[in-house]
Amino acid sequence: MTNFANVERRHLAALLRRVGPDAPTLCEGWDTRDLAVHLAIRDARPDAVPGMFAPKLPLLGSHTRSVDGDYRAMPWESLVDLVERPPLHSPGRWSPVDKRMNTGEFFVHHEDVRRAQPQWHPRQLLHDEQKALWAMLKLGGPAMLRKESESVVLLAAGFGAVRGGKKSARRVKIVRGEPSELLLWAFGRREQAAVEISEE
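According to this note's numbering, the sequence shown is numbered sequentially starting from 427.
Quick look at the structure:
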């Protein structure tokens, strides 16, 4: 099977080139330059990643801000090149790691840019692509849903169910859709994900 993470990486890079550095995204407060900087640092500078999650810790935060500033100052084309082709030392260059680390990340961020554009349209994914996204959802879904105040079941016809949220809740929220849309929903793109929600 093709490495879907790599396919999405290339498609996202092409879209970033087309829309430019100031286009909107679904990531609140981020334009396409912010997103490209995030992805390039994530791939090329693992030393700066901890500061993304703990920006208020003096040493981590200041290092990450410094690296962020360097990447933000890059010419747009050079920055997008880094998104498209991570450096040789990046774990993203090794296909098994890339699949696990980046399939969900690049799919969601590709959709973040696509769906923020005025004339976006839904796309049909191949079964193998949906299968790859379902594998990501099975792996990370429970963690993504851990802050839900209800019990949540993500249901994808032909794929199965992923459970998460509050186990002791009296009601269960059932979210139905394609694996791709369920992944977007779990990643917090609630308004944009094409899902059906019911409660039992």
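We treat Cβ as the ideally placed atom computed from N, Cα and C, and that holds for glycine.
Remember, predicted model here, so these are calculated numbers, not experimental data.
Determine the DSSP secondary structure at residue 522, reduced to helix, strand or coil. Along the sequence shown, one-based indexing puts residue 522 at 96. Helix at residue 522.
For residue 602, three-class secondary structure by DSSP: To locate residue 602, count along the sequence shown from 1; it is residue 176. Residue 602 falls in the strand class under three-state DSSP.
Unbroken stretches of the alpha helix (DSSP H), 4 residues or longer, contained in the region 507-584: Complete alpha helix (DSSP H) runs here, min 4: 521-540 and 553-570.
Distance CB(residue 597)-CB(residue 581) smaller than 8 Å: Here the question's residue 597 lines up with position 171 in the sequence shown. Here the question's residue 581 lines up with position 155 in the sequence shown. No, they are not a contact pair.
Flag this pair as yes or no: are the beta carbons of residue 552 and residue 533 separated by less than 8 Å? As a working note, residue 552 is residue 126 in the sequence shown. As a working note, residue 533 is residue 107 in the sequence shown. Going by C-beta atoms, residue 552 is not nearer than 8 Å to residue 533.
Neighbour-count burial assignment, residue 546, 16 or more Cβ in a 10 Å radius: Your numbering for residue 546 matches position 120 in the sequence shown. Of the other Cβ atoms in all chains shown, fewer than 16 fall within 10 Å of the Cβ of residue 546; this residue is therefore exposed.
Taking the alpha-carbon positions, what's the residue 487 to residue 458 distance? For the purposes of this step, residue 487 is identified with residue 61 of the sequence shown, where counting begins at 1. For the purposes of this step, residue 458 is identified with residue 32 of the sequence shown, where counting begins at 1. Their backbone Cα atoms lie some 22 Å apart in a straight line.
Look at the alpha carbon of residue 554 and the alpha carbon of residue 579, and state the distance between them as a whole number of angstroms. For the purposes of this step, residue 554 is taken as residue 128 along the sequence shown, with counting starting at 1. For the purposes of this step, residue 579 is taken as residue 153 along the sequence shown, with counting starting at 1. Roughly 22 Å between the two C-alpha positions.
Let's see if you can read the secondary structure: which residues bound the alpha helix (DSSP H) around residue 620? Counting from 1 along the sequence shown, the entry for residue 620 is found at position 194. Run containing residue 620: none; DSSP gives neither H nor E here.
Rounded straight-line distance, which links the Cα of residue 586 to that of residue 594: The count along the sequence shown starts at 1 and reaches residue 594 at position 168. The count along the sequence shown starts at 1 and reaches residue 586 at position 160. If you take the alpha carbons of residue 594 and residue 586, they lie about 22 Å apart.
Where residue 450 sits in the DSSP three-state scheme: As a working mapping, residue 450 is identified with position 24 in the sequence shown. In the structure shown, residue 450 adopts extended strand secondary structure according to DSSP, grouped into three states.
May I ask you to verify whether the region 498-506 touches the region 536-543, counting CB pairs closer than 8 Å and requiring at least 3? In this structure the region 498-506 does not lie against the region 536-543, because fewer than three pairs of beta carbons, one per stretch, are closer than 8 Å.
Might you give, ordered along the chain, the residues of its own chain that have their beta carbon closer than 8 Å to the beta carbon of residue 525, omitting 5 neighbours on each side? The count along the sequence shown starts at 1 and reaches residue 525 at position 99. Within the same chain, residue 525 has close Cβ partners 429, 430, 431 and 558.
Given residue 434 as reference, the closest of 455, 465, 452 and 454 once Cα atoms are compared: By one-based count along the sequence shown, residue 434 stands at place 8. Ranking 455, 465, 452 and 454 by Cα distance to residue 434 puts 465 first.
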